[in-house]
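Asks: Last residue of the sequence shown: 143 in my numbering, with the numbers rising by one and none dropped.
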Amino acid sequence: DAGQPADDQISIAAYWAAVGGYRVVHAAVHVHGGVGVDRDYPLHRHFLLARQLELTLGNGEEHLVTLGRSIAASPA
68 DAGQPADDQI
78 SIAAYWAAVG
88 GYRVVHAAVH
98 VHGGVGVDRD
108 YPLHRHFLLA
118 RQLELTLGNG
128 EEHLVTLGRS
138 IAASPA
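#1: Hey, is the segment 113 to 133 in contact with the segment 83 to 99, meaning 3+ C-beta pairs nearer than 8 Å?
#2: Would residue 78 be called buried (16 or more neighbouring beta carbons within 10 Å of its own) or exposed?
#3: Could you compute how far the alpha carbon of residue 110 sits from the alpha carbon of residue 89?
#4: Would a C-beta distance cut-off of 8 Å place residue 73 and residue 92 closer than the cut-off?
Written out as structure tokens, the structure is:
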């Protein structure tokens, strides 16, 4: 809002989105058992989309590394 860079906030949001998406999709697959990995069931597509987003945008650990480097580089 004050014209300041929001890189740290973006890294935090990206981390929580990556971790949350992974947890939700994995939990859904486990709840549905074998049907969750069936190609004819819609959940399979959601799982693949979550995996593609992780590979494209980075996983939670990569966002934490980016945030850590930013914090380490900032003056105390």
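Where is the CB? At the ideal position from N, CA and C, for every residue including glycine. Please read these numbers as outputs of a predicted model, since none were measured by experiment.
Replies: In brief:
#1: Contact annotation: the segment 113 to 133 touches the segment 83 to 99, with at least three C-beta pairs closer than 8 Å.
#2: Residue 78 should be labelled buried.
#3: Going by the C-alpha atoms only, they are around 13 Å apart.
#4: no
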